[in-house]
Amino acid sequence: MKFDRSLDVPPGLEVRLSPLVSRVLAPNPGPFTFRGTGVYIVGAGPRVAVIDPGPALPGHIDNLKRVLGARELSHILVTHTHRDHSPAAAFLKSWSGAAIYGLPLQTPASAHSDEGMVDEAHDHDFAPDILVHDGMRIEGDGFILECVATPGHTANHICYGLTQERALFSGDHVMGWSTSVIARPDGDMGAYLASLEKLKARNEGILYPTHGSPIAEPQEWLGQLIAHRRMRESQIVAALADGALAIRQLAERLYPDIAPALRPAAAQQIAAHLEHLRVRGRAAPEDGRWRLKI
Ligand SMILES: [Zn+2]
């Protein structure tokens with residue numbers, strides 16, 4: 000796969016991407032956020048929506064207010080509740096009065112052991128005013144956004160289609176600079192693959208991920224992402240064909256050269272694949288190791 004790591008814009012400035020879409024980069028670069036959270040501003044009129052307002056960094060929130068300036072904020076939309084996406088929503092709401100759209104965390108707080116991974120940790124405090132659902136249309140000043148449920152990266156992940164521009168805000172579900180982290184139990188590989196197929200069957204001409212550059216020809220890229228996960232699953236099945244292995248052993252075989260900071264995420268991806276094999280009756284855990292089932 001040819002990842003696009005070309006994005007090189009300074010944080011904090013509003014960059015126009017199309018007649019209806021502009022983006023402001025938050026100052027939170029990192030191994031999971033790439034150059035930082037891309038906050039999208041939608042609308043060309045005096046009333047605009049924001050998609051994924053970003054992390055709760057005071058300088059970032061003050062800058063967003065300054066960038067929005069005299070424009071009125073009509074909607075605050077959130078693709079999912081990782082801490083690099085949703086925490087600024089409450090601050091923008093108290094400033095503007097705009098309603099927050101999205102879904103709260105779907106799995107119980109007790110199920111998560113992700114607190115060490117700050118960017119990909121969950122925002123347990125996210126409190127949407129309007130619960131979105133698949134197919135729901137949100138009307139703004141000169142634009143309409145269509146909610147497209149895309150569980151997988153998280154159970155509550157929603158993409159937003161911008162009908163007028165055949166564009167879709169793909170959150171962390173589809174990115175061009177990296178594959179998406181699928182971390183159980185909230186992340187689900189089977190749901191993620193189904194959500195990739197769902198977008199592939201649509202006719203958008205461009206995707207705007209929250210991290211990295213826009214993706215032109217998305218159907219081609221979606222096909223590559225699906226093929227990549229199928230290849231990983233085949234590698235896992237091939238490795239287990241020689242005998243049962245622990246997740247750590249599988250990670251060493253499949254990701255021999257990975258940066259130390261990304262090792263936990265690599266193990267999570269393997270765990271997500273193994274669970275996807277388990278629910279289809281193809282593998283099962285046994286004494287801390289995973290074994291293929293005939
Ligand atoms: Zn995320």
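The sequence shown begins at 0 in numbering that gives the first Met the number 0 and counts up one residue at a time.
From the three backbone atoms N, C-alpha and C, an ideal C-beta is built for every residue, glycine too.
These figures come from a predicted structure and were not determined experimentally.
A265 (DSSP reduced to helix, strand or coil): helix
Closest by C-alpha distance to I75, when choosing among G204, F125 and A69: F125
Three-pair Cβ contact test at 8 Å for the segment 228 to 240 versus the segment 15 to 31: Taking 8 Å as the limit for Cβ pairs, the verdict is that the segment 15 to 31 does not touch the segment 228 to 240.
Distance cut-off 7 Å: D327 Cβ against heavy atoms of ligand 1: What is shown of the chain runs 0 to 293, which leaves residue 327 out entirely.
Own chain, CB closer than 7 Å to L249, minus 5 neighbours either side, in chain order: I235, A238 and I269
N-terminal and C-terminal residue of the beta strand (DSSP E) that A98 is part of: A98 to G101
C-beta atoms of H79 and D187 nearer than 8 Å: no
Any heavy atom of ligand 1 within less than 5 Å of residue CB: hits in chain order: H81 and D171
Local Cβ density within 10 Å of D83, reported as buried at 16 or more and exposed below that: buried
Buried or exposed by the 16-neighbour rule on C-beta atoms within 10 Å, applied to M174: buried
Y254 (DSSP reduced to helix, strand or coil): coil
V131 (DSSP reduced to helix, strand or coil): If DSSP states are grouped into helix, strand and coil, V131 belongs with coil.
Below-8 Å beta-carbon distance, R70 vs any chain C residue: No chain C is present in this structure, which holds just one protein chain.
Beta-carbon proximity of S73 to A166, cut-off 8 Å: A166 sits away from S73, with the two beta carbons spaced by 8 Å or more.
Simplified DSSP assignment, three categories, for E219: Assigned with DSSP and collapsed to three states, E219 falls in helix.
Beta-carbon spacing of V180, F31 below 8 Å: yes
Minimum C-alpha distance to F90 - residue among G58, R15, H121 and E219: With distances taken between Cα atoms, F90 lies closest to G58.
Rounded straight-line distance, which links the Cα of E203 to that of P217: P217 and E203: Cα-Cα distance of roughly 7 Å.
Boundaries of the alpha helix (DSSP H) in which A148 is found, first to last residue: No alpha helix (DSSP H) holds A148; the beta strand (DSSP E) holding it covers I143 to A148.
Whether G101 touches I60 by CB criterion (8 Å): no
Proximity winner among Y39, N62 and R34, relative to D295 (alpha-carbon distances): In the structure as shown, the chain begins at 0 and stops at 293. Residue 295 is therefore absent and cannot be evaluated.
In DSSP terms, what P208 is bridged to: G170
G11 versus E285 - alpha carbon distance: Taking the straight line from one Cα to the other gives about 50 Å.
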